[in-house]
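Structure first, commentary second.
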Amino acid sequence: MRRFVIGQAKNLIDQTRRRQRHHKSLRLLSLLAASDSALVLSSPRLFSSSSDMSGSGSDSSSSSLPVTLDSLNPKVLKCEYAVRGEIVNIAQVKAINFVLSCVLLKYETVLLILLSSPTLQKLQEDLKINKDAYPFDEIIYCNIGNPQSLGQQPITFFREVLALCSHTALLDESATHGLFSSDSIDRAWKILDQIPGKATGAYSHSQGIKGLRDAIAAGIEARDGFPADPNDIFMTDGASPGVHMMMQLLISSEKDGILCPIPQYPLYSASIALHGGSLVPYYLDEASGWGLEISELKKQLEDARSKGITVRALAVINPGNPTGQVLAEENQREIVDFCKKEGLVLLADEVYQENVYVPDKKFHSFKKVARSMGYGENDVCLVSFQSISKGYYGECGKRGGYMEVTGFTSDVRAQIYKLASVNLCSNISGQILASLVMSPPKPGDDSYESYIAEKEGILSSLAKRAKTLEEALNKLEGVTCNRAEGAMYLFPCINLPQKAIAAAEAAKTAPDAFYCKRLLNATGIVVVPGSGFRQVPGTWHFRCTILPQEEKIPAIVNRLTEFHKNFMDEFRN
Numbered sequence: 001m002r003r004f005v006i007g008q009a010k011n012l013i014d015q016t017r018r019r020q021r022h023h024k025s026l027r028l029l030s031l032l033a034a035s036d037s038a039l040v041l042s043s044p045r046l047f048s049s050s051s052d053m054s055g056s057g058s059d060s061s062s063s064s065l066p067v068t069l070d071s072l073n074p075k076v077l078k079c080e081y082a083v084r085g086e087i088v089n090i091a092q093v094k095a096i097n098f099v100l101s102c103v104l105l106k107y108e109t110v111l112l113i114l115l116s117s118p119t120l121q122k123l124q125e126d127l128k129i130n131k132d133a134y135p136f137d138e139i140i141y142c143n144i145g146n147p148q149s150l151g152q153q154p155i156t157f158f159r160e161v162l163a164l165c166s167h168t169a170l171l172d173e174s175a176t177h178g179l180f181s182s183d184s185i186d187r188a189w190k191i192l193d194q195i196p197g198k199a200t201g202a203y204s205h206s207q208g209i210k211g212l213r214d215a216i217a218a219g220i221e222a223r224d225g226f227p228a229d230p231n232d233i234f235m236t237d238g239a240s241p242g243v244h245m246m247m248q249l250l251i252s253s254e255k256d257g258i259l260c261p262i263p264q265y266p267l268y269s270a271s272i273a274l275h276g277g278s279l280v281p282y283y284l285d286e287a288s289g290w291g292l293e294i295s296e297l298k299k300q301l302e303d304a305r306s307k308g309i310t311v312r313a314l315a316v317i318n319p320g321n322p323t324g325q326v327l328a329e330e331n332q333r334e335i336v337d338f339c340k341k342e343g344l345v346l347l348a349d350e351v352y353q354e355n356v357y358v359p360d361k362k363f364h365s366f367k368k369v370a371r372s373m374g375y376g377e378n379d380v381c382l383v384s385f386q387s388i389s390k391g392y393y394g395e396c397g398k399r400g401g402y403m404e405v406t407g408f409t410s411d412v413r414a415q416i417y418k419l420a421s422v423n424l425c426s427n428i429s430g431q432i433l434a435s436l437v438m439s440p441p442k443p444g445d446d447s448y449e450s451y452i453a454e455k456e457g458i459l460s461s462l463a464k465r466a467k468t469l470e471e472a473l474n475k476l477e478g479v480t481c482n483r484a485e486g487a488m489y490l491f492p493c494i495n496l497p498q499k500a501i502a503a504a505e506a507a508k509t510a511p512d513a514f515y516c517k518r519l520l521n522a523t524g525i526v527v528v529p530g531s532g533f534r535q536v537p538g539t540w541h542f543r544c545t546i547l548p549q550e551e552k553i554p555a556i557v558n559r560l561t562e563f564h565k566n567f568m569d570e571f572r573n
């Protein structure tokens, strides 16, 4: 499989170079941008220093904390950025998008997406011309966590405020009369008062606009019941750049490892490798609803250390992607204690915190859990990621988000700030939306009732879709699917017949990819093979979003049910 995929990638790269030369090969990024997994290649402005990587001295006092200046990536310490801050040594900083060809040769997940994209694009174009040639009349995208591309409408209040901030002429009373709610006008004025020159096209502070960080900190405090400091907030273009920034900070060589869940969102595996580290896998327990067992964490940590790997951090995705589980608070307490005891940074991916669909589960932030356990500001190194791309808002294209960084010493924080400064700042529209997500209309506001109706309508519909698809999948022969407690995905396990596995091997593809391609050709339904997310060896899955609009769900169920029956009959042992 690997040899075949690598060969295909090399051929593709060679052809591209001959036709378009190297700089035009970057256009391949646009083919990948439609996929969740493509985020690992299209994250803006990943940087590394090209100068000498020798160690740097540190004035950090000895500490029991897992991160000090002495333990940071020397590339971060060596990197300087003269435009912002008092810089002594100037280092040349280069964008690393040029590593596309290297990445293509390394990641089977991305390769599979890249190699299949022309097929999918050709299919979609041909479907418009030769409708009668296919057994379906449209392609249904169940592969991407991209809500608005599948018909979800944006939240009115959020877009009104954004429009008013972006085009300030609309704030004239005569222009806004009857068009915008009074609270959206008030909020827009408050936001603009925080922006120098009231210009959303200008650069901001590297961490983000102070007033917007104030609003986010207030929203975190209201959510958790514990204080939040706006100086701990770093605004980012979605959650992905924050993840990359932390990997760049923590990883200095292949001997530095990050504990990551399996199955996992491919951003993590790719980001770790791009920054030269080692992924230390821990397997979620599918039999217990994708549970996270502390015994598994300990086992994998000890195994990594026995191989000479220094494990720096533990990544946890809650609610889970692609698995959809929501961690119990007691389990979270165990995880916090584990990180404290083992000296690990806790990387908490919490971008689906609004997406919880079952009454017996509730989202709790890891910061709230840590504080409720009595751990103070400086006791646990914790980075919490949030994004405007998910939740009920689904503003993927606006690229907004933040990370809350707590428990780090001031000298380490200065290095994080330096990395943020290299990127200048995140985009202002995304910053505005991130502040609105964490500080939406309140009871008594003009927009409150319509806002609540839109929010609850979207979330209740997602819950219905998740339940319908889950029940349908569990009725299929040889398929088991845990319930979607949260997030936007189902990750069913397929017990494929041996003849189907043999056919996949003959076609030089993974068995679950073979199934997914057959599903697309027969039904027009696009899902992602579980092998793209890693899985327990010998098991096969696919990830299916719950995002197609409700009226399309019956068609998905019918097409999938008919296809699966025919597939199993064809390859029955």
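Numbering follows the UniProt record's numbering, with no gaps: position 472 of the sequence shown is 472. Think of the CB as a built atom: it goes at the ideal place given N, C-alpha and C, for glycine as much as any other residue. The structure presented is a predicted model; accordingly, all values stated were derived computationally and were not measured.
Three-way DSSP call (helix, strand, coil) for residue i in this model
i: residue 627; result: The requested residue 627 is not part of the displayed model; the chain covers only 1 to 573.
i: Tyr515; result: helix
i: Asp569; result: helix
i: Met488; result: coil
i: Tyr402; result: strand
i: Phe366; result: helix
i: Pro529; result: strand
i: Gly201; result: coil
i: Val326; result: coil
i: Thr480; result: strand
i: Gly291; result: strand
i: Leu547; result: coil
i: Pro154; result: coil
i: Arg21; result: Unreliable placement is indicated for Arg21, whose pLDDT of 39 sits below 50; the coordinate value is still reported in the next sentence. Correct three-state label for Arg21: helix.
i: Glu302; result: helix
i: Pro441; result: coil
i: Arg333; result: helix
i: Asn558; result: helix
Residues bridged to residue i [DSSP beta-bridge criterion]
i: Pro281; result: Cys260
i: His541; result: Cys493
i: Asp70; result: BP columns for Asp70 are empty, so no partner.
i: Tyr352; result: Per DSSP, none; premise fails for Tyr352.
i: Ile140; result: Ile525
Spatially closest choice to residue i from the options, by CA coordinates
i: Asp446; options: Arg187, Ser429, Ala370, Glu471; result: Arg187
i: Tyr448; options: Thr156, Leu150, Leu72, Leu65; result: Thr156
i: Ser426; options: Gly242, Arg534, Ala217; result: Gly242
i: Lys190; options: Asp214, Ser372, Gly178; result: Asp214
i: Leu358; options: Lys464, Arg312, Leu297, Ser184; result: Reading off the sequence, residue 358 comes out as Val, not Leu. Ranking the options by Cα distance to Val358, first place goes to Lys464.
i: Leu250; options: Pro147, Thr310, Gly238; result: Thr310
i: Ser389; options: Phe136, Ile129, Ser64, Gln148; result: Gln148
i: Gly238; options: Gly391, Glu471, Pro537; result: Gly391
i: Glu395; options: Asp70, Ile129, Ser64, Gln152; result: Gln152
i: Pro230; options: Gly397, Ala217, Arg483; result: Ala217
i: Tyr134; options: Lys565, Ile525, Gly532; result: Ile525
i: Glu551; options: Ser64, Ile129, Phe136, Leu150; result: Leu150
i: Ser372; options: Gln300, Glu330, Gly538; result: Glu330
Cβ-heavy atom distance, residue i to the ligand PLP, below 7 Å
i: Lys418; result: Ligands displayed in this structure: none; no statement on the ligand PLP is therefore possible.
Residue span of the alpha helix (DSSP H) that contains residue i, given as start and end
i: Leu459; result: 448-474
i: Arg413; result: 410-422
i: Phe180; result: Counting along the chain, Phe180 falls outside any alpha helix (DSSP H), and DSSP gives it neither H nor E.
i: Gly430; result: 428-438
i: Tyr268; result: 266-274
i: Leu250; result: 240-250
i: Ile195; result: Counting along the chain, Ile195 falls outside any alpha helix (DSSP H), and DSSP gives it neither H nor E.
i: Arg213; result: 210-224
i: Gln498; result: 498-506
Endpoints, the beta strand (DSSP E) within which residue i is located
i: Phe385; result: 382-387
i: Thr310; result: 310-317
i: Leu346; result: 345-349
Next on the checklist: Counting beta carbon pairs with one atom in the segment 435-442 and one in the segment 513-525, are three or more of them shorter than 8 Å?
Outcome noted: no
Next on the checklist: Would the segment 548-566 count as touching the segment 134-141 if we require 3 or more Cβ pairs under 8 Å?
Outcome noted: yes
Checklist entry - Using 8 Å as the Cβ pair cut-off and three pairs as the minimum, do the segment 499-518 and the segment 450-469 touch? => result no
Checklist entry - Would you say the segment 397-410 touches the segment 256-274, given that touching needs at least three Cβ pairs under 8 Å? => result no
Next on the checklist: Tell me whether the segment 313-322 and the segment 349-369 touch, counting them as touching only if at least three CB pairs, one residue from each stretch, are closer than 8 Å.
Outcome noted: yes
Item to check | At least three beta-carbon pairs within less than 8 Å, the segment 230-237 to the segment 205-214 | outcome: yes
Checklist entry - So does the segment 217-230 actually touch the segment 363-375, counting three or more Cβ pairs closer than 8 Å? => result yes
Next on the checklist: Measuring CB atoms only, is the segment 280-299 touching the segment 325-333, in the sense that at least three cross pairs come out at less than 8 Å?
Outcome noted: yes
Checklist entry - Between the segment 375-393 and the segment 333-343, do three or more beta carbon pairs fall short of 8 Å? => result yes
Item to check | Cβ pair count under 8 Å reaching 3, the segment 190-202 against the segment 165-182 | outcome: yes
Checklist entry - Does the segment 482-495 touch the segment 530-547, meaning 3 or more C-beta pairs lie closer than 8 Å? => result yes
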